[in-house]
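This report refers to the structure that appears directly beneath it.
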Amino acid sequence: MVSSVTYNTTCTHCGDACTSKSIREAEHFFCCEGCKMVYGIIHESGLCNYYDLNKNPGIAQKMAVRSDKFSFLDENKIAEKLISFKNETQTHVVFYLPQMHCSSCLYLLENLHRLHKGILQSQVNFTRKEVDIIFENKTTSLRKVAEQLTAVGYEPYISLHDLSQTRPGTDKSLLLKLGVAGFCFSNIMLMSFPEYLGINATEAGIRDVFRIANAILSLPVFFYSASPFFKSARAGLQHRFLNIDTPIALAILITFIRSFWDLFSGTGGGYFDSLSGIVFFMLAGRVLQDKTYRQLSFDRDYTSYFPIAVSAIRQGKEIPILLPEIKVNDTLLVHHHELIPADGLLTRGKALIDYSFVTGETMPVVKETGEMLYAGGRQMGGNIEILTLKEVSQSYLTHLWNRDKDSTSEEDISFVHRVSKYFTIIVFMIAACTALYWGMHNTAKIWPAITAVFIIACPCALLLSNSFTNGHILRILAHNKFYVRKGEVLEQMAAIDHIVFDKTGTLTSAAEQEVKYEGTPMSEKEKSRVAALASCSSHPLSKAIVAYLDITGKPEVTSFKEYTGQGIEGFAEDHQVKLMAAGDPHSMQKNTAVLLIYDGKEKGRFTFSNHYRNHIPGLLSHLKKEYRLSLLSGDNDSQKKELEKLMGPKATLLFHQQPADKLAYIKKLQQQGEQVMMIGDGLNDAGALLQSNAGIAVSEQANNFTPACDGIIAASQLYLMNKFIRLSKANKKIVMASFIFSIIYNLAGLFFAVQGNLLPVIAAILMPASSISIVLLSFIASRFAARSLGLQVLAV
């Protein structure tokens, strides 16, 4: 039954006040047809928990949206710039939703598939207010998805920024509000100097003119510059939630009312200077905090790249280039099992693309010349060439990397809300006690004291200390060519007590391998075919063979196959070529060897003398003093004695290890209660990297990125690993120090505020100074820790 509401109550969906024109359905009340419709959609989809997590969590729907508002998304040229991936069955897109504000939003947005059957998956990044949506092409479209989001109160914000990767800037409206507050504050201060100095004006009229001018100047500050605090507090109250802006808004309101009361009653000039100062300094703190966060985010997404290299074809030659050097219209050579770093067209070769990194589907997709290939796909066949259509999006690759490992949990979001909620309640209790005390002892101190209490106490610094410190450490590590997936990995690194190394491509360098060929001499044609096969693989031994043969103009390889830990095979100019691991567990072969089988017959073998990377002995000598060490190698044990000297007699050395053996060993250590770091090249040890508490892939002029790892380190920087681990431990101490500093700062501020000895304007300076102090503390401490370890830091 639907009827009109004839008495005041609040909307079940959004919490707005219901009027006589509002709607009642059963025991539920709605302020408009829009809220009623959204409630019906959510209720019919079985998502009523949306209303259980927070009181009245919805967004008001009084303003109708044009039915054709998102028609522009039907244009392919626009849609292609917004979507991050598309194939025959599904499309991926990321939308920015500024209305996102609580755990109910998180719950609803991560259950969009229950609202709309065409949506396959949705994942929320609460910090960025973004939702990553995967939808089915045959069931829905980009336009319909945007309309569905709008229908439930989360209209996507789509701007030109979404169509190009540009550096995000500070909110201009916030800067304008800051400018207005600063202008008014400075002029109010100027006209208040006579009263500051205790000078009695000879004419009361002149004094009153100054006071009225101050009051007029305070109006744009109160109604315009302070509006973000009132909007935030109002939104919180609508949802029965006291957020951290509520006491600030109340302090501004109290100061505003008290000032005009003093002015019109003739008892004084009011506190217009304090009012404008509160707003100005609070906004200044917000702008700095926002700019710092954006800078950390920008550096993470646009300037810190994975330390991996890809092969580009320039002037007919294959040369390795780093990710930021990839330009539009570059021709890239993608080898077997390598990641496609940027969107492009297939120009040569037959592509067999594994998009499991992007879609989760493990079935490779066949692509022909001229078809589109998307970043994040992995080539599973022979070599292919692509013409890049977009530059590398580091933010997109990092997002894919974290998709399955970094979903924002309701528990984490609720924790932040609980902290700020209870903190605010405590502040109100302290303010009430302060008012009660001064009401009995000195009424003149009531308003200055409770206003200062409301302003000085804020949990912002408590909640941001971890984010800022982790952000600074991640930037420093990236600057030293060690790219870590996310801040939580730093905590995992700090907790490790056992480090497991792979040997080939990790401790040893492919670039310094001494290669010899033993067997039937090869003709130039045979050498080119062998080199062509070896060039399809990114394994260090394959690369060493290619460098040894030094052949240009290699023929195309077909029917390429790679057997993990065993070898590769394929056809080049109708000749079958195989390169297979040589030796057996009982072989007395001193060096690593690879068999060459040509047209079904063993033709010879390539032998490799291992050369350990520079500084590796020094690295191992440091690590073995603090951690238990292990080595897992697929080679024979011919170098066991040398490795025992390097790693110490207590180290565990295992040889002839297949990928499954490495994975089983990591599991065994963890079952014994050990925190394990695995360091490998990411080729034959992806399972072990994924299983470990911290998996680090070593990259040496190769595109061997694996989503299984938690970090990627340039091979040239591996010798610094002990320092990187020590920096991660320092990070934990810095976070704790920042947290303690924030608590002491708040307690000290409250101590003076409750005594009435802290002017509101001084409190307004000290409150944002708390957040600024945390930013500076984490910044300075992070740089000091890095410098003390001999690591490079970014220029200020």
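Residue numbering for the sequence shown follows our numbering, beginning at 1333 and increasing consecutively. Here a beta-carbon is modelled for each residue, glycine too, at the ideal position from N, C-alpha and C. Remember, it's a predicted structure, so these values are computed and weren't measured experimentally.
What is the DSSP secondary structure of Q1711, counted as helix, strand or coil?
Residue 1711 sits at position 379 when you count from the first residue of the sequence shown. Strand.
From W1593 to Y1603, what distance separates their C-alpha atoms?
For the purposes of this step, residue 1593 is taken as the residue at position 261 of the sequence shown. For the purposes of this step, residue 1603 is taken as the residue at position 271 of the sequence shown. Going from the Cα of W1593 to the Cα of Y1603 covers about 10 Å.
To which residues of the same chain is A1781 closer than 7 Å at the C-beta, ignoring the five residues directly before and after it?
Numbered from its first residue, the sequence shown carries residue 1781 at position 449. So the list reads T1766, W1770, A2085, V2086, G2088, once near-sequence residues are dropped.
Pull up the distance between the alpha-carbon of A1841 and that of I2011, whole angstroms please.
Here residue 1841 is taken as the residue at index 509 of the sequence shown, counted from 1. Here residue 2011 is taken as the residue at index 679 of the sequence shown, counted from 1. Note on residue identity: the sequence assigns Ser, not Ala, to residue 1841. Going by the C-alpha atoms only, they are around 14 Å apart.
Let's see if you can read the secondary structure: which residues bound the beta strand (DSSP E) around K1699?
In the sequence shown, the residue the question calls residue 1699 occupies position 367. Start and end: 1697-1699.
Is the stretch 1818-1829 close to the stretch 2021-2028, with three or more CB pairs under 8 Å?
yes
Taking the alpha-carbon positions, what's the K1859 to E1703 distance?
The residue you call residue 1859 lines up with position 527 of the sequence shown. The residue you call residue 1703 lines up with position 371 of the sequence shown. Roughly 32 Å separates the two Cα atoms.
In three-state DSSP terms, what is L2126?
What you label residue 2126 is simply residue 794 of the sequence shown in a count that begins at 1. In this structure, L2126 counts as coil in the three-state DSSP scheme.
Would you verify that the beta carbon of E1850 is, or is not, closer than 8 Å to some beta carbon of chain B?
Within the model displayed, chain B is absent; a lone protein chain is all it includes.
Under the three-state DSSP convention, the category S1739 falls into
Taking the first residue of the sequence shown as position 1, residue 1739 is located at position 407. At S1739 the pLDDT is 45, less than 50, meaning the model places this residue with poor confidence; the figure from the coordinates comes in the next sentence. If DSSP states are grouped into helix, strand and coil, S1739 belongs with coil.
Can the beta-carbon of N1546 be found less than 8 Å from the beta-carbon of G1600?
Taking the sequence shown and counting its residues from 1, one reaches residue 1546 at position 214. Taking the sequence shown and counting its residues from 1, one reaches residue 1600 at position 268. For N1546 and G1600, no; Cβs fall outside 8 Å.
Looking only at DSSP bridge pairs, what is A1913 linked to?
On the sequence shown, residue 1913 is found 581 positions in, with the first residue counted as 1. Listed as beta-bridge partners of A1913 by DSSP are V1926.
Thinking C-alpha only, which one of S1597, V1816, A1707, I1948 is nearest L2052?
Reading the sequence shown from its first residue, position 720 is the one you call residue 2052. Ranking S1597, V1816, A1707, I1948 by Cα distance to L2052 puts I1948 first.
How big is the Cα-Cα spacing for S1643 and L1655?
Your numbering for residue 1643 matches position 311 in the sequence shown. Your numbering for residue 1655 matches position 323 in the sequence shown. Cα-Cα distance, rounded: 10 Å.
Out of curiosity, what's the CA-to-CA distance linking Q1455 and A1483?
Sequence index remark: in the sequence shown, residue 1455 carries index 123 (1-based). Sequence index remark: in the sequence shown, residue 1483 carries index 151 (1-based). In a straight line, the C-alpha of Q1455 is about 19 Å away from that of A1483.
Closest residue to F1938 among V1477, T1924, A1996, A1513 (Cα-Cα distance)
Locating residue 1938 in the sequence shown gives position 606, counting from the first residue. Comparing Cα positions, the closest option is T1924.
How is the beta strand (DSSP E) around Q1455 delimited, first residue to last?
Translated into positions along the sequence shown, residue 1455 becomes position 123. Counting along the chain, the beta strand (DSSP E) containing Q1455 begins and ends at 1451-1457.
Of the residues V1553, L1444, D1605, which one's Cα is nearest the Cα of L2091?
Translated into the one-based positions of the sequence shown, residue 2091 becomes position 759. Out of V1553, L1444, D1605, D1605 has the C-alpha closest to the C-alpha of L2091.
Identified DSSP bridge partners for M1704:
Position 372 of the sequence shown holds residue 1704. M1704 is bridged to L1677.
Rounded straight-line distance, which links the Cα of P1991 to that of I2045
The sequence position of residue 2045 within the sequence shown is 713, counting from 1. The sequence position of residue 1991 within the sequence shown is 659, counting from 1. If you take the alpha carbons of I2045 and P1991, they lie about 21 Å apart.
Thinking F1800 and I1490 are a contact (beta carbons under 8 Å), I'd like their distance in whole angstroms, please.
The residue labelled residue 1800 in the question sits at position 468 within the sequence shown. The residue labelled residue 1490 in the question sits at position 158 within the sequence shown. At roughly 30 Å, the Cβ-Cβ gap does not stay under 8 Å, so F1800 and I1490 are not in contact.
Are the Cβ atoms of F1402 and G1514 separated by less than 8 Å?
Translated into the one-based positions of the sequence shown, residue 1402 becomes position 70. Translated into the one-based positions of the sequence shown, residue 1514 becomes position 182. No, the pair does not count as a contact, with Cβ atoms beyond the cut-off.
Span separating the alpha-carbon of D1744 from that of A1763
Locating residue 1744 in the sequence shown gives position 412, counting from the first residue. Locating residue 1763 in the sequence shown gives position 431, counting from the first residue. Residue placement at D1744 is poorly supported in this model, since its pLDDT is 45, which falls under 50; the coordinates are not used for a value here.
Give the range of the alpha helix (DSSP H) segment to which D1594 is assigned.
Position 262 of the sequence shown holds residue 1594. Where D1594 is concerned, the enclosing alpha helix (DSSP H) stretches over 1578-1597.
Could you give the uninterrupted runs of the beta strand (DSSP E) lying entirely in the stretch 1923-1985, keeping only those of 3 residues or more?
1924-1930, 1933-1941, 1960-1964
Using the Cβ count rule (16 or more neighbours within 10 Å means buried), how would you classify P1853?
Mapped onto the sequence shown, residue 1853 falls at position 521. P1853 should be labelled exposed.
Limits of the beta strand (DSSP E) - the one that Y1486 falls within:
By one-based count along the sequence shown, residue 1486 stands at place 154. Counting along the chain, Y1486 falls outside any beta strand (DSSP E), and DSSP gives it neither H nor E.
Span of the beta strand (DSSP E) holding Y1428?
Here the question's residue 1428 lines up with position 96 in the sequence shown. Unbroken beta strand (DSSP E) run through Y1428: 1422-1428.
Identify the continuous beta strand (DSSP E) that holds S1416 and give its terminal residues.
As a first step, residue 1416 must be located in the sequence shown, where it is residue number 84. From DSSP, the beta strand (DSSP E) with S1416 extends over 1415-1418.
Where does A1789 sit, in a helix, a strand or coil, going by DSSP?
Looking up residue 1789 in the sequence shown gives position 457. DSSP places A1789 in coil when its eight states are reduced to three.
Which of the three DSSP states is assigned to M1772 in this structure?
Along the sequence shown, read from residue 1 onward, the residue named residue 1772 stands at position 440. M1772: helix per DSSP, three-state reduction.
Under three-state DSSP, which class holds F1402?
Residue mapping note: residue 1402 aligns to position 70 of the sequence shown, counting from 1. The answer is coil: DSSP assigns F1402 none of H, G, I, E or B.
Own chain, CB closer than 6 Å to H1424, minus 5 neighbours either side, in chain order
As a working mapping, residue 1424 is identified with position 92 in the sequence shown. S1416, F1417, I1466, listed in sequence order.
Which partner residues does I2028 have in the DSSP bridge list?
Along the sequence shown, read from residue 1 onward, the residue named residue 2028 stands at position 696. I2028 is bridged by DSSP to I2011, G2043.
Enclosing beta strand (DSSP E) for R2136 [first to last residue]:
As displayed, the chain neither begins before 1333 nor continues past 2128, which places residue 2136 out of reach and without an answer.
Where R1579 falls, given that 16 or more other Cβ within 10 Å makes a residue buried
Sequence index remark: in the sequence shown, residue 1579 carries index 247 (1-based). Sequence inspection shows Pro at residue 1579; the Arg mentioned does not correspond to that position. Buried, since its Cβ has 16 or more Cβ neighbours within 10 Å.
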